[in-house]
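Enquirer:
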Amino acid sequence: MRLNLGDRVRTANDAQARIRCADLTTVWVLYSNLERGVASGCPQDLFSTRLRIGQQSDNAPGGSDSAIPYVMSPRRTAVLDAQPLLRWNAVPGVERYTVQVVGLNVNWETEVTGTEVQYAGSPLTPGLEYRVIVEADDGWSSQLDAGAETATFELLYPEDIENLQADIVKLAEAELSGEAQALALADIYIHEDLLADAVNILEPLVVSGTNTFEVYQVLGDIYRYIGLNLLAEERYEQAIAIASTNDVPEGIANAQAGLAEVKVMLDQPDAAIDLLTQAKNYYEALEDAERAEELEERLEELRSFSLITR
């Protein structure tokens with residue numbers, strides 16, 4: 061199970077829990093008949109750049125109109141590859157697309173069929189912001205996407221790549237296996253804002269039919285943050301279904317809270333209120349008063365906004 065800052069762990073009599081922290085080195089052992097918060101066993105600063113589940117500040121518009129060739133990757137992310145693969149939404153009935161990458165001293169353009177192409181323009185400079193612009197042969201442009209303004213990317217600094225490589229070495233030494241390894245690697249990428257790379261690690265698990273709800277939860281969080289709201293909606297709904305089947309109430313609540321914020325972005329406030337209410341009830345049943353209070357505050361905001369707009 062994936063834990064987040066603010067979560068609490070309780071052990072029964074004659075049981076203990078071993079939790080590997082986000083630094084991939086610290087192992088926190090919680091002995092029998094105890095209850096502690098994650099922050100008491102794992103260093104807090106390691107969580108500072110992780111995506112926070114269900115927070116309004118993570119919302120980004122976009123990715124909600126299938127008629128637009130909106131950019132799917134790289135989008136609101138850093139990248140490792142100086143020649144990143146560019147991908148965009150397939151518009152029904154469209155065969156050809158004109159693709160640009162623009163930024164300081166960069167103005168590259170090509171025309172392609174299909175919905176992806178490798179960037180092959182001037183060298184990118186670490187830390188500078190670049191934008192992908194896609195125009196379909198029917199005249200619709202990715203610039204019409206509601207999230208176009210924040211759909212940018214930058215090349216990671218060399219020193220950050222060194223930190224990343226060191227963390228990957230630690231992960232290899234941790235000897236995790238299968239999906240646990242993939243989730244831990246995705247966390248490392250998220251820590252460095254390499255959200256596109258995190259997606260590339262986790263989406264193949266979805267294709268393989270994984271029943272690990274955390275995979276869908278993390279993907280939902282990422283897609284919501286980068287403004288691919290239809291994809292976020294799909295992944296959150298899958299997370300809820302799997303967590304419900306496996307009877308994991310906290311997983312249900314986390315995904316419902318994230319999905320509620322997506323519904324806000326999709327202009328479905330009533331659905332958002334229903335989902336947040338359900339999630340709050342789960343948190344109350346789990347005795348997570350802090351999270352329940354956060355959702356109640358958010359509910360009050362949405363109810364007030366809903367009354368104003370009616």
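My numbering numbers the first residue of the sequence shown as 61 and each following residue consecutively. Even for Gly, the Cβ is constructed at its ideal location relative to N, Cα and C. As the structure is a prediction and not an experimental result, all values here were calculated from the model.
For L381 and M132, which I take to be in contact (beta-carbon distance under 8 Å), what is that distance rounded to the nearest angstrom?
Expert: What is shown of the chain runs 61 to 370, which leaves residue 381 out entirely.
Enquirer: Relative to the C-alpha of A242, which residue among N260, I282 and A299 is closest?
Expert: Locating residue 242 in the sequence shown gives position 182, where the first residue counts as 1. Of N260, I282 and A299, the residue nearest in Cα terms is N260.
Enquirer: Could you check where the alpha helix (DSSP H) with S182 kicks off and where it finishes?
Expert: The residue you call residue 182 lines up with position 122 of the sequence shown. From DSSP, S182 is part of no alpha helix (DSSP H); its letter is neither H nor E.
Enquirer: Do A331 and K323 have their C-beta atoms within less than 8 Å of each other?
Expert: Mapped onto the sequence shown, residue 331 falls at position 271. Mapped onto the sequence shown, residue 323 falls at position 263. Closer than 8 Å, so yes.
Enquirer: Let me check one thing: in DSSP terms, what residues is I128 bridge-paired to?
Expert: Translated into positions along the sequence shown, residue 128 becomes position 68. Its beta-bridge partners do not exist; DSSP assigns none.
Enquirer: Would you mind stating whether L90 and A142 have Cβ atoms separated by less than 8 Å?
Expert: Walking along the sequence shown from the start, residue 90 turns up at place 30. Walking along the sequence shown from the start, residue 142 turns up at place 82. No, the pair does not count as a contact, with Cβ atoms beyond the cut-off.
Enquirer: Determine whether the beta carbon atoms of Y283 and R295 lie at a separation below 8 Å.
Expert: Your numbering for residue 283 matches position 223 in the sequence shown. Your numbering for residue 295 matches position 235 in the sequence shown. Against a cut-off of 8 Å, the Cβ pair of R295 and Y283 comes out as a contact.
Enquirer: Would you mind stating whether Y249 and A240 have Cβ atoms separated by less than 8 Å?
Expert: Your numbering for residue 249 matches position 189 in the sequence shown. Your numbering for residue 240 matches position 180 in the sequence shown. No, the Cβ-Cβ distance between Y249 and A240 is not below 8 Å.
Enquirer: Taking the alpha carbon of S366 as the point to measure from, which residue in Q338, Q328, E347 and A349 has its own alpha carbon closest?
Expert: One-based indexing of the sequence shown puts residue 366 at position 306. Of the listed residues, the one whose Cα sits closest to S366 is Q328.
Enquirer: For F107, which three-state DSSP category applies?
Expert: For the purposes of this step, residue 107 is identified with residue 47 of the sequence shown, where counting begins at 1. Any reading at F107 must be qualified, since the residue scores a pLDDT of 36, below 50, and its modelled position is unreliable; the value itself is stated next. Here F107 sits in helix by DSSP.
Enquirer: Who does Y157 pair with in a DSSP beta bridge?
Expert: Here residue 157 refers to the residue found at position 97 when the sequence shown is read from its first residue. Answer by DSSP bridge pairing, in chain order: V172 and A196.
Enquirer: When you compare the stretch 273–282 with the stretch 296–315, are there three or more beta-carbon pairs, one atom per stretch, that lie closer than 8 Å?
Expert: They touch, by the three-pair rule.
Enquirer: Leaving out five residues before and five after G238 in sequence, what residues of the same chain have Cβ atoms less than 6 Å from its Cβ?
Expert: Reading the sequence shown from its first residue, position 178 is the one you call residue 238. Same-chain partners within the cutoff: there are none.
Enquirer: Out of E361, T137 and D220, state which residue places its alpha-carbon closest to the alpha-carbon of E214.
Expert: Counting from one through the sequence shown, the residue named residue 214 turns up at place 154. Minimum Cα distance to E214 is reached at T137.
Enquirer: Would you kindly work out how many angstroms separate the C-alpha atoms of Y157 and L262, rounded to a whole number?
Expert: The residue given as residue 157 occupies position 97 in the sequence shown. The residue given as residue 262 occupies position 202 in the sequence shown. Each residue's alpha carbon lies about 27 Å from the other.
Enquirer: In whole angstroms, what separates the C-alpha of L236 from that of S201?
Expert: Here residue 236 refers to the residue found at position 176 of the sequence shown. Here residue 201 refers to the residue found at position 141 of the sequence shown. Cα to Cα, the separation comes out at about 43 Å.
Enquirer: By the 10 Å Cβ neighbour count, where 16 or more other Cβ atoms means buried, how is N149 classified, buried or exposed?
Expert: Here the question's residue 149 lines up with position 89 in the sequence shown. Buried.
Enquirer: Can you tell me whether E189 is helix, strand or coil according to DSSP?
Expert: As a working mapping, residue 189 is identified with position 129 in the sequence shown. Three-state result, E189: coil.
Enquirer: Taking the C-alpha atoms as reference points, what is the distance between E357 and D253?
Expert: The sequence position of residue 357 within the sequence shown is 297, counting from 1. The sequence position of residue 253 within the sequence shown is 193, counting from 1. Going by the C-alpha atoms only, they are around 29 Å apart.
Enquirer: Given a cut-off of 8 Å, decide if T173 and E195 are closer than it, judged by their beta-carbon atoms.
Expert: Numbered from its first residue, the sequence shown carries residue 195 at position 135. Numbered from its first residue, the sequence shown carries residue 173 at position 113. Taking 8 Å as the Cβ cut-off, E195 and T173 do not qualify as a contacting pair.
Enquirer: Between the Cα of E361 and the Cα atoms of A349, I333 and P186, which residue gives the shortest distance?
Expert: As a first step, residue 361 must be located in the sequence shown, where it is residue number 301. Of the listed residues, the one whose Cα sits closest to E361 is I333.
Enquirer: Let me check understanding here. Comparing Cα to Cα, which of L216, G122 and V159 lies closest to L291?
Expert: The sequence position of residue 291 within the sequence shown is 231, counting from 1. Nearest option by C-alpha distance: G122.
Enquirer: Just grab the DSSP bridge partners of L90 for me.
Expert: One-based indexing of the sequence shown puts residue 90 at position 30. L90 pairs with A77.
Enquirer: Going along the chain, which residues of its own chain have a beta-carbon closer than 6 Å to the beta-carbon of Q160, five neighbours each way excluded?
Expert: Here residue 160 corresponds to residue number 100 of the sequence shown, with the count starting at 1. For Q160, where only same-chain residues beyond five positions count, the Cβ hits under 6 Å are E169 and I193.
Enquirer: With distance defined between alpha-carbon atoms, name the residue in Y217, A77 and G181 nearest to L188.
Expert: As a first step, residue 188 is located in the sequence shown; it is residue number 128 there, counting from the start. Comparing Cα positions, the closest option is Y217.
Enquirer: Taking the beta strand (DSSP E) that T212 belongs to, which residues open and close that run?
Expert: Locating residue 212 in the sequence shown gives position 152, where the first residue counts as 1. Note, T212: beta strand (DSSP E), T212 to L215.
Enquirer: I'd like to confirm the pairing. Which residues does DSSP put opposite T137 in its beta bridges?
Expert: By 1-based counting over the sequence shown, the position of residue 137 is 77. Note: T137 sits in a beta bridge opposite F213.
Enquirer: Name the one or two DSSP bridge partners that R363 has.
Expert: Position 303 of the sequence shown, counted from the first residue, corresponds to residue 363. Its beta-bridge partners do not exist; DSSP assigns none.
Enquirer: Looking at A349: is its Cβ nearer than 8 Å to the Cβ of L335?
Expert: As a working mapping, residue 349 is identified with position 289 in the sequence shown. As a working mapping, residue 335 is identified with position 275 in the sequence shown. No; because the gap between Cβ atoms is not below 8 Å, this pair is not in contact.
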